[in-house]
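> Dropping the structure in here first, questions after.
Residue numbers (our numbering): 386 to 584.
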């Protein structure tokens, strides 16, 4: 089983994290795709942009090996793009990971770290221009619900992360599993990554 590391930081967007985690950790997915852990710049409770806190099981310095990484967005990305330690951690961990996923402005962290240079990517449409400014070497796709480029999959804002997560399930476990989870969580899955009503 792959270990999925979900990055938390002060001001992360709740649904960017727990939407995809609901999909990946759904008890009805057999076998489970991921063993999910949370990691933050410092271990302990991390306050979201909406207020509720989530526990980070690991800090950057004691995080175990990760086969997959999920980077959420949120207002906190505005501060984290200046966090040299976090950006260096992302460079190292993304180089080793088999799968790297971002939701919303989480893409800005990979862009600022230079990880997405030369690759196609997308992000939240309301913050699109700001995120583009973090990575001029990225091939930005404005009209996309999510974009796949090798092991990197980047998605648009908030609920797009759920559609992206279902697409990852379909790729790794088959479309029937993705459809089953979408029905269980009563989500109308937008299956076409190019259909982006918010672009």
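Beta carbons are placed, not taken as given, at the ideal position from N, Cα and C, and that holds for glycine.
From a predicted model like this one, the values you see are computed outputs, not experimental measurements.
Taking the DSSP output, what are the residues bridged to residue 524?
Per DSSP, 505.
> Note down, one range per segment and in chain order, each alpha helix (DSSP H) of at least 4 residues found wholly within the segment 418–472.
List check, alpha helix (DSSP H) in window: 462–465.
> Just verifying my parser: in three-state terms, what is the DSSP assignment at residue 494?
Residue 494: helix per DSSP, three-state reduction.
> Using the three-state DSSP reduction, which class does residue 540 fall into: helix, strand or coil?
Strand, per DSSP.
> Could you tell me whether the Cβ atoms of residue 496 and residue 523 are closer together than 8 Å?
Taking 8 Å as the Cβ cut-off, residue 496 and residue 523 qualify as a contacting pair.
> Counting beta carbon pairs with one atom in the segment 444–459 and one in the segment 396–409, are three or more of them shorter than 8 Å?
Flag = yes, the segment 396–409 and the segment 444–459 touch.
> With H, G and I counted as helix, E and B as strand and the rest as coil, what does DSSP make of residue 390?
Looking at residue 390 - three-state DSSP - the assignment turns out to be strand.
> When you compare only the Cα positions, how much space is there between residue 450 and residue 388?
Roughly 8 Å between the two C-alpha positions.
> Verify whether the separation of the beta carbon atoms of residue 425 and residue 410 is less than 8 Å.
Cβ atoms of residue 425 and residue 410: not closer than 8 Å.
> Since I believe residue 408 is in contact with residue 566 (beta carbons under 8 Å), could you give me their beta-carbon distance rounded to a whole number of angstroms?
With 8 Å as the limit, residue 566 and residue 408 qualify as a contact, their Cβ atoms being about 6 Å apart.
> Closest by CA to residue 420, which one among 574, 453 and 563?
When each option's Cα is compared against that of residue 420, the closest is 453.
> Taking all protein chains shown into account, decide if residue 386 is buried (16 or more other Cβ within 10 angstroms of its Cβ) or exposed.
By the 10 Å Cβ count, residue 386 comes out exposed.
> With DSSP as the reference, please indicate the residues paired to residue 484 in a beta bridge.
Note: residue 484 sits in a beta bridge opposite 453.
> According to DSSP, is residue 564 helix, strand or coil?
Looking at residue 564 - three-state DSSP - the assignment turns out to be helix.
> Tell me, please, which residues DSSP counts as bridged to residue 534.
537, per the DSSP bridge assignment.
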